[in-house]
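Chains as they are written, first to last, in my numbering: chain A, 2 to 229; chain B, 2 to 229. Glycine included, every Cβ here is placed at the ideal spot set by N, Cα and C. In this text, all values refer to a predicted model and were calculated from it rather than measured experimentally. Written out below as structure tokens is the structure these notes cover.
Number of protein chains: 2
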Amino acid sequence: MRYELYYWPSIQGRGEFIRLALEDAGADYVDVARRPKGMQAMMHLMQSRSVKKRPFAPPFLRAGELVIAQTAMILHWLAPRLGLAPKAEAARLWLHQQQLTIADWLVEVHDTHHPIASGLYYEDQKPESLRRAQDFRGERLPKYLDYFERLERGKNISYVELSLFQMTAGLRYAFPLTMVALEPRYPKLVALHDRVMQRPRLAAYLASKRRIAFNQQGIFRRYPELDR
Amino acid sequence: MRYELYYWPSIQGRGEFIRLALEDAGADYVDVARRPKGMQAMMHLMQSRSVKKRPFAPPFLRAGELVIAQTAMILHWLAPRLGLAPKAEAARLWLHQQQLTIADWLVEVHDTHHPIASGLYYEDQKPESLRRAQDFRGERLPKYLDYFERLERGKNISYVELSLFQMTAGLRYAFPLTMVALEPRYPKLVALHDRVMQRPRLAAYLASKRRIAFNQQGIFRRYPELDR
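Written as structure tokens, this is what we have:
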């Protein structure tokens, strides 16, 4: 099965959580919008009235006839096929529940630099961002980190662990000072990050040009004033 | 099967999307936190280290040994058992995808009155709320309404249609002037709202004391200044 991933071509964003799973599994996939005319294909699927089950937003995945959206749902469907999730229902639900909580967390990361409107520039919502980022660093971020640090994990790596690697990596990029201060409290999450990035296929991916660098258009952005 | 729903006892909030499904199906359920000592039971499941698969936040549902959280995931699991979703995978995924988009929409409703911090009072983030609500009314709300208005729906009512009823009802409570202005553009969503609320078991529920009224502690709140 060749998978088609549709996502904005110049940022990691939500698409990266799916790229990590596809890459770690060595899956056959096309990152459609990064190819010639790929953006047109992506916009067609979102906007055409002839597409019955239109996605509201990227990322979405095409697998044969199936087109599905919503990052956590894509991973819920995809990961058992990639060997990155068990097939038993209770275990799959538990992973999906964690991934949905990661999705909530990611919205809060985004909103540190866009608390007023995603359609406005950061520069047009800077005082509000300073306030929201302060609350995020002091309240919300430790709450999420506490939660995931305390959950028990088995030996197997699933897509949830790949996503937790991405959260740690992104938070280090966006909030380096905050993370230096917080990380000693979260040894399990730090160890998990290091373990995931050493997986051979993932290490090769992270060193390749396919891995888009963190940048100031993505969800994780480095604005020093938001980091204290 | 007697289901146990765990959610804050004094608001509709996210729990209401699950209550609507349980009520419409005539399911046997207990709204645990609204009973004596129910809040203690809810907090225990969230905070005790002896609970292996702790939820991050309410709502969550207990069904026998299974405890699951995240509104959209609860409905994804529950609705086929209640006759409110088909059992075929592709159809279930499409409903789940829509419900996850509704969940995203609901976060944006919440953030109109809490754009800075959910731990602060509205009164402590009022200038920011005015800006965020303006963007919500002018940009985000029409975008979501357009999306759901244009999707084709079959004759059957699923949990997604119950949730769309709740969105329309809540938006009418929170943004009455905005909705009066916008609704002529969305005849299908308005008709769906009316059709859902006439379903016999749901009509009985909505008229009962079990239906908590919209209020100023919930996700949908009426602050006239945020409605233009």
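Note to self: Between M2 (chain A) and chain B, is the shortest Cβ-Cβ distance under 7 Å, so that the two count as touching?
What the structure shows: no
Would H115 (chain A) pass as an interface residue toward chain B - the criterion being a Cβ-Cβ separation below 7 Å?
no
- request: Evaluate A208 (chain B) with the Cβ neighbour count: other Cβ atoms within 10 Å of its Cβ, from every protein chain shown; 16 or more gives buried, anything less gives exposed.
  value: Exposed is the call here.
- Message: Measuring only the C-alpha atoms, how far is L94 (chain B) from I69 (chain A)?
- Response: In a straight line, the C-alpha of L94 (chain B) is about 8 Å away from that of I69 (chain A).
query = For chain A, is any of its Cβ atoms less than 7 Å away from the one on L94 (chain B)?
reply = yes
- Query: Are the C-beta atoms of T102 (chain A) and some chain B residue less than 7 Å apart?
  - Reply: T102 (chain A) counts as touching chain B.
| message | I want to see whether chain A comes within less than 7 Å of H97 (chain B), judged by CB atoms only; does it? | response | yes
Q) Roughly how many whole angstroms lie between the Cα atoms of R196 (chain B) and Q167 (chain B)? A) 12 Å
- N-terminal and C-terminal residue of the beta strand (DSSP E) that I213 (chain B) is part of: Note, I213 (chain B): premise wrong, no beta strand (DSSP E); not H, not E.
Exercise. According to the neighbour-count rule (16 or more other Cβ atoms, all chains shown, within 10 Å of its Cβ), is E153 (chain A) buried or exposed?
Worked result: exposed
**OP:** Could you check if Q199 (chain B) is buried or exposed, using at least 16 other CB atoms within 10 Å of its CB as the buried criterion?
**Re:** By the neighbour-count rule (16 or more Cβ atoms within 10 Å), Q199 (chain B) is not buried but exposed.
Handout entry: Paired residues, beta bridge with E61 (chain B) - DSSP
Key = A small fix is needed here, since residue 61 (chain B) is Phe in this sequence, not Glu. Bridge partners of F61 (chain B): B:Y7 and B:A70.
Return the chain-ordered ranges of every beta strand (DSSP E) run that is complete within the segment 74 to 101 of chain A and spans a minimum of 3 residues.
none
Check your understanding: Based on the DSSP output, what are the partners of V31 (chain A) in its beta bridges?
Key -> A:E5
- Query: Taking C-beta to C-beta, are L101 (chain B) and A73 (chain B) nearer than 7 Å?
  - Reply: Against a cut-off of 7 Å, the Cβ pair of A73 (chain B) and L101 (chain B) comes out as a contact.
**Asked** How about Y148 (chain B): is its C-beta nearer than 7 Å to some C-beta of chain A?
**Response** yes
Helix, strand or coil at G120 (chain B) according to DSSP, with G and I counted as helix: coil
ask   = Hey, quick one: how far does the alpha helix (DSSP H) through R132 (chain A) stretch, first residue to last?
value = K127 to D136
Q. Which class does Y145 (chain A) belong to by DSSP, given the choice of helix, strand or coil?
A. helix
Original post:
Is it true that the CB of A134 (chain A) sits closer than 7 Å to the CB of L227 (chain A)?
Top reply: yes
Practice problem: Could you tell me which chain B residues have their CB closer than 8 Å to the CB of G120 (chain A), listed as they occur along the chain? | Solution: D136 and E140
**Prompt:** Which two residues bound the contiguous alpha helix (DSSP H) that contains P201 (chain A)?
**Reply:** P201 to L207
- Query: Around the C-beta of Y145 (chain A), are 16 or more other C-beta atoms found within 10 angstroms, so that it is buried, or is it exposed?
  - Reply: Buried is the call here.
- [ ] Thinking L6 (chain B) and V33 (chain B) are a contact (beta carbons under 8 Å), I'd like their distance in whole angstroms, please.
- [x] A Cβ-Cβ distance of about 6 Å is found for the pair L6 (chain B) and V33 (chain B), placing them in contact under the 8 Å criterion.
Can you give me the start and stop residues for the alpha helix (DSSP H) that F166 (chain A) sits inside? For F166 (chain A), the enclosing alpha helix (DSSP H) covers residues Y160 to A175.
Report task. Determine, using beta carbons only, whether A70 (chain A) comes closer than 7 Å to chain B. Result -> Chain B, which has a Cβ nearer than 7 Å to the Cβ of A70 (chain A), makes this yes.
**Message:** Quick check on F18 (chain A) - is its C-beta less than 7 Å from some C-beta in chain B?
**Reply:** no
*When DSSP labels each residue in this structure, what does K189 (chain A) get in the three-state scheme?*
Secondary structure of K189 (chain A) (DSSP, three-state): helix.
Just verifying my parser: in three-state terms, what is the DSSP assignment at R151 (chain A)? Of the three classes helix, strand and coil, the one that applies to R151 (chain A) here is helix, per DSSP.
Whole-angstrom distance between W78 (chain A) and L163 (chain A), CA atom to CA atom
16 Å
Q: Within its chain, find whatever has a CB closer than 7 Å to the CB of M47 (chain A); leave out the 5 residues flanking it on each side and keep chain order.
A: R55 and P56
| CA-to-CA distance, Q98 (chain A) to P87 (chain A), given in whole angstroms | Going by the C-alpha atoms only, they are around 14 Å apart.
Q. In chain A, which residues lie with their C-beta within 9 Å of the C-beta of K210 (chain B)?
A. The contacting residues do not exist; K210 (chain B) stays about 31 Å from chain A at best.
Would you decide whether S11 (chain B) is buried or exposed? Buried here means 16 or more other CB atoms lie within 10 Å of its CB.
Classification for S11 (chain B): exposed.
Quick check: does the Cβ of L163 (chain B) come within less than 6 Å of any heavy atom belonging to the ligand SAM? The ligand SAM is not part of the structure shown, which contains no ligands of any sort.
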